[in-house]
Amino acid sequence: GIQVEQSPPDLILQEGANSTLRCNFSDSVNNLQWFHQNPWGQLINLFYIPSGTKQNGRLSATTVATERYSLLYISSSQTTDSGVYFCAVDGVTDSWGKLQFGAGTQVVVTP
Amino acid sequence: GEEVAQTPKHLVRGEGQKAKLYCAPIKGHSYVFWYQQVLKNEFKFLISFQNENVFDETGMPKERFSAKCLPNSPCSLEIQATKLEDSAVYFCASSQAELPWEQYFGPGTRLTVT
Chain A
244 GIQVEQSPPD LILQEGANST LRCNFSDSVN NLQWFHQNPW GQLINLFYIP
294 SGTKQNGRLS ATTVATERYS LLYISSSQTT DSGVYFCAVD GVTDSWGKLQ
344 FGAGTQVVVT P
Chain B
14 GEEVAQTPKH LVRGEGQKAK LYCAPIKGHS YVFWYQQVLK NEFKFLISFQ
64 NENVFDETGM PKERFSAKCL PNSPCSLEIQ ATKLEDSAVY FCASSQAELP
114 WEQYFGPGTR LTVT
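These protein sequences, in sequence, are chains A and B.
Each residue of the first sequence is one higher than the one before, counting from 244 in our numbering.
Each residue of the second sequence is one higher than the one before, counting from 14 in our numbering.
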């Protein structure tokens, strides 16, 4: 099945800082999603982005499908951005809809 | 509803007991997925349904796990004879019939096997 690698594994930011999270994947994808798992365990959809660029407030994401990577940008970070960020993909050689998750990036934003 | 609903939020079972988890997908969504999250950061796909039909069950440990999605009822995931290693958070997700296959996740059920 498809392999998903996220980097960095951990990130400590001061409030107001910007950061970039990376997701590499080993095969072509039908679907790529970014999630934020907050400290209460809730998985929040951030982006559905198998290709292209999207922005939502202080967050934006870019997927370069031909080079098999996606980037999530957090600007002007806030303490509420703390949590784990997951990239999940649905590879073309797997069955439809079977998401493979990366190991996540643990983000801590300090005041 | 507008959100995926899962019940119960927490479930504690003694080893060997049965556990049953429920999921109501977003209204109008045809696909339901179950995932298991263990060790906080490790997700495992279990099974998916297209309406009441099993779509992909390649992730299911078949000897003790079963799942159903019946018309006009919440979907269910049942674990017979739970083991300590079944302790995890079980997430349900749903998506619409047409592409894109964006999946929306419920709040999860935390199962603790003692």
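Beta carbons are placed, not taken as given, at the ideal position from N, Cα and C, and that holds for glycine.
1) Using CA atoms only, rank isn't needed, just tell me which of A:Gly-347, A:Thr-353 and A:Val-351 is closest to Pro-252 of chain A.
2) Within the 8 angstroms Cβ cut-off, does Asp-99 of chain B reach chain A?
3) Taking buried to mean at least 16 other C-beta atoms within 10 Å of its own C-beta, is Gln-298 of chain A buried or exposed?
4) Could you spell out where the beta strand (DSSP E) holding Trp-47 of chain B opens and where it closes?
5) Flag Pro-102 of chain B as yes if its beta-carbon sits less than 8 angstroms from any beta-carbon of chain A, otherwise no.
6) Any residues in the region 63-74 of chain B with a beta carbon nearer than 8 angstroms to a beta carbon of chain A? Which ones, in chain order?
7) Is the CB-CB distance between Phe-58 of chain B and Tyr-48 of chain B below 8 angstroms?
8) Can you have a look at Ala-32 of chain B and say buried or exposed, based on whether 16 or more other CB atoms are within 10 angstroms of its CB?
9) In chain A, which residues lie less than 7 angstroms from Ser-108 of chain B when you measure between Cβ atoms?
10) For Asn-261 of chain A, count neighbouring C-beta atoms within 10 Å of its own C-beta (all shown protein chains included) and say buried if the count is 16 or more, exposed if not.
11) Measure the C-alpha to C-alpha separation of Ser-303 of chain A and Ile-317 of chain A and round it to an integer number of angstroms.
12) Using DSSP bridges, identify the partner residues of Ser-61 of chain B.
13) Straight-line CA distance for Val-351 of chain A to Gln-109 of chain B?
14) Using DSSP with H/G/I as helix, E/B as strand and the rest coil, what is Glu-98 of chain B?
15) Under three-state DSSP, which class holds Thr-127 of chain B?
16) Counting Cβ pairs closer than 8 angstroms, one from the region 82-91 of chain B and one from the region 316-336 of chain A, do we hit at least three?
17) Starting from Leu-342 of chain A and walking both ways along the beta strand (DSSP E), at which residues does that stretch end?
18) Any residues in the region 29-44 of chain B with a beta carbon nearer than 9 angstroms to a beta carbon of chain A? Which ones, in chain order?
19) Does the beta carbon of Asn-288 of chain A sit closer than 8 angstroms to a beta carbon anywhere in chain B?
20) Taking one C-beta from the region 333-349 of chain A and one from the region 267-276 of chain A each time, how about it: are there three or more such pairs within less than 8 angstroms?
21) Considering just the uninterrupted stretch of the beta strand (DSSP E) at Ile-287 of chain A, what are its terminal residues?
22) Does DSSP put Thr-322 of chain A in a helix, a strand or coil?
23) Report yes if the CB atom of Asn-281 of chain A is closer than 8 angstroms to the CB atom of Arg-311 of chain A, and no otherwise.
The answer reads as follows:
1) In the first sequence, counting from the first residue as 1, residue 252 of chain A sits at position 9. Of all alpha-carbon atoms in A:Gly-347, A:Thr-353 and A:Val-351, the one lying nearest the alpha-carbon of Pro-252 of chain A is that of A:Gly-347.
2) On the second sequence, residue 99 of chain B is found 86 positions in, with the first residue counted as 1. It does not; no Cβ of chain A falls within 8 angstroms.
3) The residue you call residue 298 of chain A lines up with position 55 of the first sequence. When all chains shown are included, Gln-298 of chain A counts as exposed.
4) For the purposes of this step, residue 47 of chain B is taken as the residue at position 34 of the second sequence. 44-51 is the span of the beta strand (DSSP E), which, as asked, contains Trp-47 of chain B.
5) Your numbering for residue 102 of chain B matches position 89 in the second sequence. Just to set this straight, residue 102 of chain B is Val in the shown sequence, not Pro. Yes, because at least one Cβ of chain A sits closer than 8 angstroms to the Cβ of Val-102 of chain B.
6) Flagged, chain order: Phe-68, Asp-69, Thr-71 and Gly-72.
7) Along the second sequence, read from residue 1 onward, the residue named residue 58 of chain B stands at position 45. Along the second sequence, read from residue 1 onward, the residue named residue 48 of chain B stands at position 35. Remark: C-beta atoms of Phe-58 of chain B and Tyr-48 of chain B approach each other more closely than 8 angstroms.
8) Stepping through the second sequence from its first residue, residue 32 of chain B is reached at position 19. Under this definition Ala-32 of chain B is a buried residue.
9) Numbered from 1 along the second sequence, position 95 holds the residue referred to as residue 108 of chain B. Chain A residues near Ser-108 of chain B: Gly-340.
10) Translated into positions along the first sequence, residue 261 of chain A becomes position 18. Exposed.
11) Reading the first sequence from its first residue, position 60 is the one you call residue 303 of chain A. Reading the first sequence from its first residue, position 74 is the one you call residue 317 of chain A. If I take the Cα positions, the gap works out to 7 angstroms.
12) Residue mapping note: residue 61 of chain B aligns to position 48 of the second sequence, counting from 1. According to DSSP, Ser-61 of chain B bridges with B:Phe-46 and B:Asp-69.
13) Within the first sequence, the letter at position 108 stands for residue 351 of chain A. Within the second sequence, the letter at position 96 stands for residue 109 of chain B. Computed Cα separation, rounded: 34 angstroms.
14) As a first step, residue 98 of chain B is located in the second sequence; it is residue number 85 there, counting from the start. Annotated three-state conformation of Glu-98 of chain B is helix, per DSSP.
15) What you label residue 127 of chain B is simply residue 114 of the second sequence in a count that begins at 1. Secondary structure of Thr-127 of chain B (DSSP, three-state): coil.
16) Too few Cβ pairs lie closer than 8 angstroms, so no.
17) One-based indexing of the first sequence puts residue 342 of chain A at position 99. DSSP places Leu-342 of chain A in no beta strand (DSSP E); its state is neither H nor E.
18) Those residues of the region 29-44 of chain B placed with their C-beta closer than 9 angstroms to a C-beta in chain A are Tyr-44, ordered along the chain.
19) Mapped onto the first sequence, residue 288 of chain A falls at position 45. Cβ-Cβ to chain B under 8 angstroms: yes for Asn-288 of chain A.
20) Touching, per the Cβ criterion.
21) Sequence index remark: in the first sequence, residue 287 of chain A carries index 44 (1-based). Note, Ile-287 of chain A: beta strand (DSSP E), 286-291.
22) Here residue 322 of chain A corresponds to residue number 79 of the first sequence, with the count starting at 1. Note: Thr-322 of chain A maps to helix in three-state DSSP.
23) In the first sequence, counting from the first residue as 1, residue 281 of chain A sits at position 38. In the first sequence, counting from the first residue as 1, residue 311 of chain A sits at position 68. Cβ distance not < 8 angstroms, so Asn-281 of chain A and Arg-311 of chain A don't count as in contact.
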